[in-house]
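Residue 214 in this note's numbering sits at position 214 of the sequence shown, and the numbers go up by one each step. Backbone N, C-alpha and C define an ideal beta-carbon position, used for all residues, glycine too. None of the values given here were measured: they were computed from a predicted structure. Beneath this line is the structure, given in structure tokens, with notes to follow.
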Amino acid sequence: MLRSTLLAAGRSPRMRALAEGAAPLRPLVSRFIPGTDLDAAFAAIRTLVPDRLVTVDHLGEDTTDRAQAERIATAYLDLLRRIDVEGLADRVEVSVKLSALGQSLAVDAEQITLDGARRVCAEAAAVGTTVTVDMEDHTTTDATLAAVHALRADFPSVGAVLQSQLRRTEGDCRALAGPGSRVRLCKGAYDEPASVAYRAKGEVDASYARCLTILMAGEGLPMVATHDPRLVELARRLGRDRAGGYELQMLYGVRPDAQRALAAEGERMRVYLPYGSEWFGYFMRRLAERPANVAFFLRSLVTRG
Ligand SMILES: Cc1cc2nc3c(=O)[nH]c(=O)nc-3n(C[C@H](O)[C@H](O)[C@H](O)COP(=O)(O)OP(=O)(O)OC[C@H]3O[C@@H](n4cnc5c(N)ncnc54)[C@H](O)[C@@H]3O)c2cc1C
């Protein structure tokens, strides 16, 4: 119930405008989002790269006009050039949401999105890094997987994201477990109906374990995106001595001690680091994942008056 309410609030344009315009909230979101511009993002990236890899997300989603889609594509090009200038292409890649590039526009959505994504992938290839396409709510899954498929024809390293909460995902894992395929497996951050998704945490976790087993038995690179200690241990067990390796991934600000400890034990650990001024939807998903975060946020608000 609380999760659904927070996730619905996160998609409200009115609440988004109010929150993102409220400067006093910014320090409170900095646990999950290090800043709104490239300088802030790179200050945080530099603290991570000595022992971890990074994937950077320029925040933005549910783009409503073409100019905004263009701005976001350009922001990714700037981000990739900065990765190059900082000499970090071997440790830092980017994650991109297709709804930010125009997937939900009323006219020419597919073409605009694919054009924007191709420009981002071409710049990433020129710089020497990779792109992973985030997965959003289930109404976009088919279109997003079709776009990833199209992008992979020219840029084979483009990564896909699958969500274990969706009932279809075991099948998608089988389809995407081929050679060269990079697949990030997460539980799923969106509020989905029971017709397409497992709603009970135990079912989502069991689905994750099944999907992980499929990806680990396949020939691609499994990217294990979870903070769940039991699933991290399962990944390490299944991935031990795996020829193509695997990668653990966690979010910036979530279980940083575990991130450091796993990296120190020799795990390939990548941190998902978002930056930008459109932080509200991302931040609300982080609150929804853990009720304790809501209490922390409210306490901080009260303390700050
Ligand atoms: C690298 C990465 C990329 C992702 N990309 C996508 C995507 O493209 N699409 C998508 O739908 N979802 C994405 N997610 C989010 C994901 O779907 C989950 O919502 C999120 O990771 C929480 O699930 P969990 O696997 O950590 O397990 P949970 O069972 O939710 O959490 C396990 C434990 O991790 C800790 N934890 C988890 N979340 C938080 C938090 N917000 N704050 C503090 N502690 C926390 C707690 O200790 C919790 O007990 C991504 C997650 C990661 C790590």
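Boundaries of the beta strand (DSSP E) harbouring P222: 221-225, taken from the DSSP string.
The beta carbons of P274 and L59 sit about 5 angstroms from each other, so the pair counts as a contact at 8 angstroms.
Contact annotation: A177 and G239 have beta-carbon atoms that are not nearer than 7 angstroms.
In this model, H138 and I33 are separated by some 25 angstroms (Cα to Cα).
For V54, the uninterrupted beta strand (DSSP E) segment begins and ends at 53-58. Around the beta carbon of G245, a 10 Å sphere encloses fewer than 16 other beta carbons of the protein chains shown; the residue is thus reported as exposed. Here the segment 199-216 lies against the segment 168-175, with 3 or more beta-carbon pairs under 8 angstroms apart. Relative to ligand 1, R167 has its C-beta separated by 6 angstroms or more from all heavy atoms. Here the segment 278-295 lies against the segment 50-67, with 3 or more beta-carbon pairs under 8 angstroms apart. Secondary structure of L98 (DSSP, three-state): coil. Bounds of any alpha helix (DSSP H) do not take in R182; it lies within the beta strand (DSSP E) bounded by 182-186. Cα atoms of I83 and Y76: separation of roughly 10 angstroms, rounded to the nearest angstrom.
Q165 is classed as buried because its beta carbon has at least 16 other beta carbons within 10 Å across all chains shown. In this structure, E247 places its C-beta atom within 7 angstroms of the C-beta atom of M223. Counting the other CB atoms within 10 Å of its CB gives R285 a total of 16 or more, which places it among the buried residues.
Within the same chain, Cβ atoms closer than 8 angstroms to the Cβ of P179 are found at E219, G220, the five residues on either side in sequence being excluded. Taking the Cβ of H227 as the reference point, at least one heavy atom of ligand 1 falls within a distance shorter than 6 angstroms.
Rounded to the nearest whole angstrom, the C-alpha separation of Q111 and R81 is 24 angstroms. Within the same chain, Cβ atoms closer than 8 angstroms to the Cβ of V196 are found at H138, L166, R167, R168, the five residues on either side in sequence being excluded.
In this structure the segment 5-16 does not touch the segment 36-55; the number of beta carbon pairs closer than 8 angstroms is below three. Taken in chain order, the complete beta strand (DSSP E) segments of 3 or more residues contained in the segment 185-262 are 221-225, 247-251. With the rule of 3 Cβ pairs closer than 8 angstroms, the segment 260-275 does not count as touching the segment 66-75. Judged by the Cβ position, L248 fails to qualify as a neighbour of ligand 1 at the 6 angstroms threshold, every heavy atom of the ligand being at least this far.
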